[in-house]
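Written below as structure tokens is the structure these notes are about.
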Amino acid sequence: QQLEALLNKTMRIRMTDGRTLVGCFLCTDRDCNVILGSAQEFLKPSDSFSAGEPRVLGLAMVPGHHIVSIEVQRESLTGPPYL
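Once you know that position 11 of the sequence shown is 11 in UniProt numbering, the rest is easy, because the numbers rise by one and skip nothing.
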């Protein structure tokens with residue numbers, strides 16, 4: 001139920017190799033892999049979408065064992081952009 005609340009939300013995933021992926025959360029699988037839609041890859045960690053030059057990936061599968069952190073974008077325009 002907690003994952004259902006995150007469906008179609010924009011999230012930022014930081015990976016063990018330093019890359020950051022930003023995209024729309026679509027689903028997970030039994031191995032804890034995360035599927036993102038409209039995903040973009042940032043080679044250096046950033047605190048905003050505009051920092052760095054993103055590479056457009058489209059649909060991306062992120063292996064669960066490579067995930068360091070997941071942040072979900074806030075709905076509100078006030079406050080920090082991620083929870």
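Even for Gly, the Cβ is constructed at its ideal location relative to N, Cα and C.
Opening and closing residue of the beta strand (DSSP E) in which residue i lies
i   : result
A39 : V34 to F42
R74 : Neither: R74 is in no beta strand (DSSP E) and is coded neither H nor E.
T20 : T20 to T28
T10 : T10 to M15
8 Å contact criterion, which residue i and residue j should meet: CB distance rounded
i   : j   : result
G64 : N33 : 5 Å
R14 : V68 : 5 Å
E41 : R55 : 5 Å
Buried or exposed (CB count within 10 angstroms, at least 16 for buried), residue i
i   : result
L36 : buried
L21 : buried
E53 : exposed
Sub-7 Å separation of residue i and residue j beta-carbons
i   : j   : result
C27 : S38 : no
V72 : K9  : yes
Per DSSP, the bridge partner or partners of residue i
i   : result
V56 : Q40
V62 : V34
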